[in-house]
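Numbering (the working numbering), first residue to last: 373 to 801.
Some notes on the structure that comes next.
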């Protein structure tokens, strides 16, 4: 078994990660963010009369999700970097935040209309990726906005039909999808070089989801068994990461019991998991699992809804060299230019391996590097003249001038500790 793991590591792996694209099928370039860039009243609990602006933003606008033009721009750029990567990971939230609430053409809310829009969004995203990467394996997972309402997990017959639909859309992209997909949207698959990718549906673990305890535990049982029986080293992917979110400096992401068990599983099988890749937070970040060297890496988003520039990531992995490069499209300029390099992991941290503990140890005693980490993780390094205060505000949502010590400590503690109580003890000590 050890021989197989070493062979897997020895193979070079170059792949892309796209996360939180949030394609907004109703995006209209001539409407501002207060209307969520829609030319109709957006949600059934609002009474808006959108007014167009002459300042069109066809590539995207802060406060809004991504137009199709932005998604295609990112795919075209990645195609130019490498038209034939080993694989592409699509880390969830293909659907725009408010797709499930859009009013129909008659100005009323009608759920079948919204379900049809969501299904059409999945189809358009799958087709766009296929157009640019017709021969590349794409591994998609389910995000919290990918159901028929935010953090809603379809149940019963609707749930069966939902997973059947996703399977039909994703099978041509991913190829082999294990039968566990029908149990809850989690599965494993293999890349063309034989690397195993284990895909979780971490919606079941979310602190915002109740009533799915049995399925959550079954998924963790399945993960434990897959890792136990795996003869290959595995990349583990999920949408919602364990631990604590950076926005507002303390959002608990998982139910504590699932976090505890997940850590235990990772500790037991740490020689099988090379890395854990997550989305959801719309920025790049790092987390650590105690008593292991497994890195958890969080990823930038295509959607600029939270003030971050759109971002994508390119990984280069081999036995002795494991790094990535983030690329960004600068929407802060009047005329949107081309995608450009945001930062390279090795250049910033001088590390040739993705060691999140080593990153933490560098950042904790170096404020300049901490600020660079925040800036680059939100795609702000390409923004000319951005201030320290702006970087903290976009990154965390807090007024840094008034909460400086609290903000710095919180960011460091959430990188170090996954369990919420341990994070709080660190932050408040």
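C-beta atoms are modelled at their ideal positions from N, C-alpha and C, and glycine is treated no differently.
Cutting at 6 Å between CB atoms, please list the residues of its own chain near residue i, excluding the five before and the five after it.
i           : result
residue 497 : 395, 466
residue 717 : 695, 696
residue 783 : none
residue 649 : 609, 669
residue 401 : 428, 429, 430
residue 654 : 392, 673, 678, 680
Using 10 angstroms around the beta-carbon of residue i, count the other beta-carbons present and answer buried if the total reaches 16, otherwise exposed.
i           : result
residue 564 : exposed
residue 609 : buried
residue 685 : buried
residue 659 : buried
residue 427 : exposed
residue 532 : exposed
residue 702 : buried
residue 478 : exposed
residue 543 : exposed
residue 392 : buried
residue 759 : exposed
residue 384 : exposed
residue 573 : buried
residue 582 : exposed
residue 455 : exposed
residue 480 : exposed
residue 739 : exposed
residue 751 : buried
residue 788 : buried
residue 598 : buried
Kindly identify the DSSP beta-bridge partner or partners of residue i.
i           : result
residue 606 : 568, 645
residue 667 : 660
residue 792 : DSSP lists no partner for residue 792.
residue 412 : The partner list for residue 412 (beta bridge, DSSP) is empty, contrary to what the question assumes.
residue 577 : According to DSSP, which records beta bridges pairwise, residue 577 is partnered with nothing at all.
residue 385 : 689
residue 390 : 462
residue 561 : 569
residue 395 : 438, 467
residue 650 : 610, 670
Tell me which same chain residues have a C-beta within less than 8 Å of the C-beta of residue i, skipping the five on either side of it?
i           : result
residue 594 : 552, 555, 558
residue 537 : 491, 494
residue 628 : 791, 792, 793
residue 753 : 700, 714, 715, 744, 747
residue 622 : 616, 782, 786, 795, 796, 799
residue 546 : 509, 510, 511, 512, 561
residue 770 : 620, 621, 764, 778, 779
residue 549 : 539, 542, 543, 559, 561
residue 578 : 516, 523, 612, 625, 626, 627
Using a Cβ-Cβ cut-off of 7 Å (strictly less than) and excluding sequence neighbours within five positions of residue i, which residues of its own chain qualify?
i           : result
residue 518 : 464, 465, 466, 467
residue 474 : 398, 414, 486, 489
Give me the Cα-Cα distance between residue i and residue j, rounded to the nearest whole angstrom.
i           : j           : result
residue 725 : residue 689 : 9 Å
residue 768 : residue 781 : 12 Å
residue 713 : residue 526 : 39 Å
residue 592 : residue 666 : 18 Å
residue 529 : residue 590 : 20 Å
residue 639 : residue 632 : 11 Å
residue 569 : residue 508 : 15 Å
residue 472 : residue 499 : 21 Å
residue 785 : residue 485 : 43 Å
residue 535 : residue 523 : 16 Å
residue 656 : residue 735 : 14 Å
residue 444 : residue 682 : 12 Å
residue 386 : residue 586 : 37 Å
residue 802 : residue 727 : Residue coverage of the chain in this structure runs from 373 to 801, which leaves residue 802 outside it and unanswerable.
residue 762 : residue 619 : 14 Å
residue 673 : residue 447 : 13 Å
residue 634 : residue 661 : 10 Å
residue 766 : residue 450 : 26 Å
residue 711 : residue 721 : 23 Å
residue 390 : residue 706 : 25 Å
residue 488 : residue 541 : 14 Å
residue 411 : residue 576 : 34 Å
residue 643 : residue 602 : 11 Å
residue 596 : residue 641 : 8 Å
residue 637 : residue 731 : 24 Å
residue 691 : residue 452 : 26 Å
residue 756 : residue 708 : 13 Å
residue 424 : residue 693 : 50 Å
residue 567 : residue 607 : 8 Å
residue 749 : residue 719 : 14 Å
Using a Cβ-Cβ distance under 8 Å, would residue i count as near chain D?
i           : result
residue 444 : The structure shown contains no chain D; it is built from a single protein chain.
**Request:** Please go through the segment 465 to 540 and give each complete alpha helix (DSSP H) segment of 4 or more residues, from N-terminal end onward.
**Result:** 483 to 504
**Request:** Mind listing, in chain order, the continuous alpha helix (DSSP H) runs of no fewer than 4 residues lying wholly within the segment 612 to 644?
**Result:** 628 to 640
**Request:** Any chance you could list the alpha helix (DSSP H) runs of at least 4 consecutive residues sitting entirely within the segment 675 to 760, in chain order?
**Result:** 717 to 721, 728 to 735, 739 to 749
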